[in-house]
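Taken in order, these protein sequences are the chains called A and B. Numbering that gives the first Met the number 0 applies: residue 0 is where the first sequence begins, and numbers increase by one. Numbering that gives the first Met the number 0 applies: residue 0 is where the second sequence begins, and numbers increase by one.
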Amino acid sequence: MSADLAVSTTHVVVAPMLAALVTAVLTLGTRRYDRLQRVLSLLGIGAYGVGVIVLTTRVLSGGTLTYQLSAWPAPFGITLVADALAVFMLALAALTTVAILIFSVAYVDEEGQRVSYHPLFHFMLLGVSGSFLTGDIFNLFVWFEVMLMPSYVFVVFYSGPRQTAAALQYTVLNLVGSALMLVAIGGIYATTGTLNMADITRRLADPAAFGIDPAPVLGLSAILLLVFALKAGIVPFQFWVPPAYRAAPAPISAFLAGVTKKVGVYAIVRLYFTVFAAGVVDGGLGLPGLSGESFLAFFGPVLFLMALASMLVGGVGAVSRDNLDDVFAYSSIGQVGFIVLPLAVVATIGDHSFGAAATDLQVLGVIAALVYSLNHAVAKSLLFMVSGTVFDAADTIELDRLGGLTTRYPVLSGSFFVGSLALVGIPPLSGFFGKLLVFDTGGQALAAGAPGAGLALAGALVGAIFTIAYLSRAWTKGFWGDVTPAVERGEQSTVLVGVVAALALVVVAIGVGFDPVYSFAEAAAEAALDSEGYVDAVDPEVVAHE
Amino acid sequence: MSLDRQPTVIARTVTRLVVPLILVTALALLFQGHNLPGGGFIAGVLTVTAFALVYVIFGLDYLEAELLDRNPGTRYETESGIIREYGTVFAVGLAVAVGSGIAAIALGYPFLTQAVAFVEPLPIYHELEVASALVFDLGVYAVVVGALLTILAEVGSE
Numbered sequence: 000m001s002a003d004l005a006v007s008t009t010h011v012v013v014a015p016m017l018a019a020l021v022t023a024v025l026t027l028g029t030r031r032y033d034r035l036q037r038v039l040s041l042l043g044i045g046a047y048g049v050g051v052i053v054l055t056t057r058v059l060s061g062g063t064l065t066y067q068l069s070a071w072p073a074p075f076g077i078t079l080v081a082d083a084l085a086v087f088m089l090a091l092a093a094l095t096t097v098a099i100l101i102f103s104v105a106y107v108d109e110e111g112q113r114v115s116y117h118p119l120f121h122f123m124l125l126g127v128s129g130s131f132l133t134g135d136i137f138n139l140f141v142w143f144e145v146m147l148m149p150s151y152v153f154v155v156f157y158s159g160p161r162q163t164a165a166a167l168q169y170t171v172l173n174l175v176g177s178a179l180m181l182v183a184i185g186g187i188y189a190t191t192g193t194l195n196m197a198d199i200t201r202r203l204a205d206p207a208a209f210g211i212d213p214a215p216v217l218g219l220s221a222i223l224l225l226v227f228a229l230k231a232g233i234v235p236f237q238f239w240v241p242p243a244y245r246a247a248p249a250p251i252s253a254f255l256a257g258v259t260k261k262v263g264v265y266a267i268v269r270l271y272f273t274v275f276a277a278g279v280v281d282g283g284l285g286l287p288g289l290s291g292e293s294f295l296a297f298f299g300p301v302l303f304l305m306a307l308a309s310m311l312v313g314g315v316g317a318v319s320r321d322n323l324d325d326v327f328a329y330s331s332i333g334q335v336g337f338i339v340l341p342l343a344v345v346a347t348i349g350d351h352s353f354g355a356a357a358t359d360l361q362v363l364g365v366i367a368a369l370v371y372s373l374n375h376a377v378a379k380s381l382l383f384m385v386s387g388t389v390f391d392a393a394d395t396i397e398l399d400r401l402g403g404l405t406t407r408y409p410v411l412s413g414s415f416f417v418g419s420l421a422l423v424g425i426p427p428l429s430g431f432f433g434k435l436l437v438f439d440t441g442g443q444a445l446a447a448g449a450p451g452a453g454l455a456l457a458g459a460l461v462g463a464i465f466t467i468a469y470l471s472r473a474w475t476k477g478f479w480g481d482v483t484p485a486v487e488r489g490e491q492s493t494v495l496v497g498v499v500a501a502l503a504l505v506v507v508a509i510g511v512g513f514d515p516v517y518s519f520a521e522a523a524a525e526a527a528l529d530s531e532g533y534v535d536a537v538d539p540e541v542v543a544h545e
Numbered sequence: 000m001s002l003d004r005q006p007t008v009i010a011r012t013v014t015r016l017v018v019p020l021i022l023v024t025a026l027a028l029l030f031q032g033h034n035l036p037g038g039g040f041i042a043g044v045l046t047v048t049a050f051a052l053v054y055v056i057f058g059l060d061y062l063e064a065e066l067l068d069r070n071p072g073t074r075y076e077t078e079s080g081i082i083r084e085y086g087t088v089f090a091v092g093l094a095v096a097v098g099s100g101i102a103a104i105a106l107g108y109p110f111l112t113q114a115v116a117f118v119e120p121l122p123i124y125h126e127l128e129v130a131s132a133l134v135f136d137l138g139v140y141a142v143v144v145g146a147l148l149t150i151l152a153e154v155g156s157e
């Protein structure tokens, strides 16, 4: 490859992925040396964290960075795009996974760690990072697969009948999802003639110049939306969530709920707000309830219903469960509803009939979704790890058999309390700002006269009340009351409690020092909505159509 | 494999003849893969079919007992004997593939950048194409062979 090609060689873009990839290979090669493997794994996640920090500072100070793998120019080669949105998600992933890996080393038994835990963990992290960074829609599919394959193994990690059943359902469902995704991506390639996301954006914005028809892309992107909803566990694709989260080891449930789910959310933001947002169907679809001509106006109502249903199903499910993991799993479904709701609200007003105010409101909606994602990633990982620590100490997470954890394990219970309050949205914790922004989006949309904004507010309110209900129920049944025999017998692990407490401090820190977090999320939201900036950053070569 | 159902002489003879052919074809696909149909993946799969044939016709222990001249490891034990070696092949292959990508970074090019050099003049061949992509392909080949044989041997022993 000649050096005269104008390709950037800012290797820092690929650094987080390389850290995860190299660590996965090293931990695979050192399977027979337990201690060395663990040390390498921890060093690897440290390198990942440093890579993300360096990349984040570079992007926030110097703007979007791109990287052409193999030095093939866009749109032919695979582009990595590190814009503010991608690094926001990477930062979220790094923050959570560092804690999760330290927790895992102390939590998962020696045999389990030796078998495959560390390589799989880093491969999953690689898949997540690749999904955030890639600027190529087929490559996105590949990273989804890289992320999913380790998760199949993790769901069946304890190899019991319950785990096998959960893994079978989880695997089959995701394979169907992947097949649909591949079909949709193939269709988009056939229609637009490109796989590069920036190139798709440019072509959709000006279909006549490139001789393409945007209408099929709308249908194909609707299929893609189903796949992302499946990955993110949004109703009506939520049913795999509780069995899978219950079957997986606690730190992996934290990973799946905290980070992997956010990949689905990220894909929705990236593809529908950056890429497909450029598309317009002349004359609209003419279906009832679906007015407007832009792609976003079609997806808004769909996302809206899914978000409302998620909040209700998650809330109702979580209130009636008798097991900490199940409560948290159903809660995840509900919380993803809170993440998607502001996106749905601002997608419905994406139509230009709302004028200049629409742009500001869209930024606000995406900020709300991102801040809520961050809050959910940290708080829900914290809660799943609390559940793991309780299981480690008391050998059970059934609410019936738990009680008096506050007396026996005050620090652990305090961390649970902080995590719960963050999900409920009590100031000054991270969740308060998440909820505030969600309601603010709804309120401003209502003021601007957006259809359904009142319903969104009402739904969010009901969802919030459910959150309070199921978390206080878990608290009173599991943590308060008399000390049960199971709790009395156990012994808590210092490392596990330490990690959980540290994450609880992070939850407080995000809330107290919210200003930089908000600016970061604002930069990410602006990047997400700046389709032109995205195209300019990648700057794919213009290929004349025949 | 139970002794009362030995494969026929035909099957065994054909296997003896075909296995070397498969392996040579696989190598040809591997070496031309960087710019002609072929590549590490398909070469690896083809190689595994040769192994699969040996496993099916001669039984699970034949490879270790007769060809490698040692005691086959206890079956049902995952981390022992030849399965462990398959795992090593997998890990080494992955390391080679990743290393070939990182080498490009060390030389100042983007990750996974490949280069090609033509060595000439050579007797008979005239010119030889040395592509760095071959290293990556070799890595992929080892990954595919290692992974598929692990699955084959492990599932086969159950």
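Cβ coordinates follow ideal geometry from the N, Cα and C atoms, glycine included. Note that the structure is predicted; figures quoted are calculated from it, not measured.
Here the alpha carbons of L302 of chain A and A501 of chain A stand approximately 35 Å from one another. Here the alpha carbon of G80 of chain B sits roughly 39 Å from the alpha carbon of A393 of chain A. In the assembly as shown, N138 of chain A is a buried residue. Its beta-carbon has 16 or more other beta-carbons within 10 Å. Under the three-state reduction of DSSP output, D60 of chain B falls in the coil class, being neither helix nor strand. The C-beta of G126 of chain A comes no closer than 7 Å to any C-beta of chain B. Per the DSSP secondary-structure output, S293 of chain A pairs in a beta bridge with A:V279. Taking 7 Å as the CB threshold, I104 of chain B lines the interface with chain A. Where A116 of chain B is concerned, the enclosing beta strand (DSSP E) starts and stops at V115 to L121. For the pair of segments examined, the segment 372–382 of chain A was found not to touch the segment 399–406 of chain A: the number of CB pairs separated by less than 8 Å stays below three. For A501 of chain A, the enclosing alpha helix (DSSP H) stretches over residues T493 to V511. Within 7 Å of the CB of G28 of chain A, the CB atoms of chain B belong to A90 and A94, in sequence order along the chain. Cβ-Cβ distances below 6 Å link T273 of chain A to A527, S530 and Y533 in the same chain, with the five nearest sequence neighbours on each side left out; the list follows chain order. Uninterrupted alpha helix (DSSP H) stretches at least 4 residues long and entirely within the segment 406–467 of chain A occur at 409–423 and 429–446, given in chain order. Bounds of the alpha helix (DSSP H) holding E531 of chain A are S530 to V537.
Taking the beta carbon of Y151 of chain A as reference, no residue of chain B falls within 8 Å; the closest one sits roughly 14 Å away. Comparing C-alpha distances from G257 of chain A to each of A:F297, A:E109, A:G299 and A:I99 shows the shortest one belongs to A:I99. Judged by DSSP secondary structure, H125 of chain B falls within the beta strand (DSSP E) whose first and last residues are H125 to A130.
Among the CB atoms of chain A, none fall inside 7 Å of the CB of V143 of chain B.
Under the criterion of beta carbons closer than 8 Å, A93 of chain A and V51 of chain A qualify as touching, at roughly 4 Å. None of the residues of the segment 41–60 of chain B has a beta carbon lying less than 9 Å from any beta carbon of chain A.
Inter-residue distance for V154 of chain A and F40 of chain B is about 28 Å (C-alpha atoms, whole angstroms). Neighbours of V97 of chain B in chain A, taken as residues whose beta carbon is under 7 Å from its own, are L20, V21 and V24 in chain order.
Taking the C-beta atoms as reference points, V537 of chain A is found nearer than 7 Å to A197 of chain A. At the C-beta level, A146 of chain B and L27 of chain A stay beyond 7 Å of one another. Neighbourhood of V13 of chain A in chain B, by CB distance below 7 Å: F110, in chain order. Across the structure, Q237 of chain A and Y169 of chain A are spaced so that their CA atoms are roughly 11 Å apart. Restricting attention to alpha helix (DSSP H) runs no shorter than 4 residues, the segment 194–227 of chain A encloses them at 196–204 and 206–209, ordered along the chain. Rounded to the nearest whole angstrom, the C-alpha separation of I21 of chain B and V144 of chain B is 14 Å.
In this structure, L229 of chain A lies away from G316 of chain A, with their beta-carbon atoms at least 7 Å apart. V97 of chain B and V141 of chain A have their alpha carbons spaced roughly 17 Å apart. The beta carbon of T191 of chain A sits closer than 6 Å to those of I199, R202 and I211, all from its chain and outside the five residues before and after it, given in chain order. Per DSSP, the continuous beta strand (DSSP E) segment holding Q67 of chain A begins and ends at L64 to Q67.
With a 10 Å radius around the Cβ and a threshold of 16 neighbouring Cβ atoms, G387 of chain A comes out buried. The bridge partners DSSP lists for L79 of chain A are A:Y66 and A:T133. Three or more Cβ pairs closer than 8 Å define a contact, and the segment 131–141 of chain B falls short of that threshold against the segment 62–70 of chain B.
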